[in-house]
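Heads up: the protein sequence lines correspond to chains P and U, in order.
When the letters of the first sequence are read in order and numbered with the numbering used here, they come out as residues 1 to 116.
When the letters of the second sequence are read in order and numbered with the numbering used here, they come out as residues 117 to 231.
Where is the CB? At the ideal position from N, CA and C, for every residue including glycine.
Nothing here was measured: the structure is a model prediction, and the numbers come from that model.
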Amino acid sequence: GAVVSQHPSRVICKSGTSVKIECRSLDFQATTMFWYRQFPKKSLMLMATSNEGSKATYEQGVEKDKFLINHASLTLSTLTVTSAHPEDSSFYICSARAGGPGGELFFGEGSRLTVL
Amino acid sequence: AQTVTQSQPEMSVQEAETVTLSCTYDTSENNYYLFWYKQPPSRQMILVIRQEAYKQQNATENRFSVNFQKAAKSFSLKISDSQLGDTAMYFCAFIGDQGAQKLVFGQGTRLTINP
């Protein structure tokens, strides 16, 4: 099956620094990528939807200036957590889809961010 | 807005038993897609089964099958002959054919298969 690679899998940073997480579709072109946040033992909360070449659409309550999403190519989307604080510590998961809404979503392995 | 509800936070069964996980959803759309995803301790999301709303026949994948009741907006997952490797979080998910086309997840059910 298709593969989505997410990097880094774990990152620890100091409060106030910025962290970038990459999401790559390795063997297909992803017209749409989604970024989710997952708290321990909770469901996936959609943060934003990104389409290649256009601005990301953020969900209500998600700070677009805090969580910068870029989808510069059909195989790469990035999430940058700016000026990270301990409350930003979480598990972030990306997913990518090649076609329309019925197409399978392929998920990255997730990135665990810890902000000290 | 679409919502997905899983009313069973946790379930536990013995190995080889059959277990059914419940899911209901709410939407005004006529065509949409429903999914069950498995998230083992590794946290990697794995697609278990997929159902298209316009198809009346229930989807089946080996030991996994669904009971799709469109009028009742219900989409339950049945796992037959459960195995220890089935232990995981299971998420029901919905995506509509119109509008934002976002995949919306339910709260999840933690399933434990006991030896």
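Interface annotation, S43 (chain P): in contact with chain U, CB-CB separation under 7 Å. Three or more beta-carbon pairs separated by less than 8 Å link the stretch 137–153 of chain U to the stretch 195–210 of chain U, which places the two stretches in contact.
By the C-beta density criterion, F106 (chain P) is buried, having at least 16 other C-beta atoms within 10 angstroms. Residue pairing by DSSP places L163 (chain U) opposite U:Y153 in a beta bridge. Under the Cβ distance rule, K218 (chain U) counts among the residues neighbouring chain P, one pair being separated by less than 7 Å.
Within the stretch 145–165 of chain U, those residues whose Cβ lies closer than 7 Å to any Cβ of chain P are, in chain order, Y149, R159, Q160, M161 and L163. Per DSSP, the beta-bridge partners of Y206 (chain U) are U:K154 and U:T225.
For Q223 (chain U), the nearest CB of chain P lies under 7 Å from its own CB, placing it at the interface with that chain. With three or more CB-CB distances shorter than 8 Å, the stretch 67–82 of chain P counts as touching the stretch 30–50 of chain P. Assignment of beta-bridge partners to Q118 (chain U) by DSSP yields no partner. Comparing C-alpha distances from V81 (chain P) to each of P:V4, P:Q6, P:S5 and P:G16 shows the shortest one belongs to P:G16. Neighbourhood of I93 (chain P) in chain U, by CB distance below 8 Å: R159 and M161, in chain order. V4 (chain P) places its beta carbon 7 Å or farther from that of G103 (chain P). The C-beta of T49 (chain P) has 16 or more other C-beta atoms within 10 Å across all chains shown, which makes the residue buried. In summary, K14 (chain P) is exposed, with fewer than 16 beta-carbon neighbours lying within 10 Å of its beta-carbon over all protein chains present. Setting aside the 5 residues that flank it on each side, D202 (chain U) is surrounded in the same chain by I195, L227 and I229, each with a C-beta closer than 7 Å to its C-beta; the list follows chain order.
From the listed residues U:K189, U:P157 and U:R179, the smallest Cα separation to Q172 (chain U) is found for U:K189.
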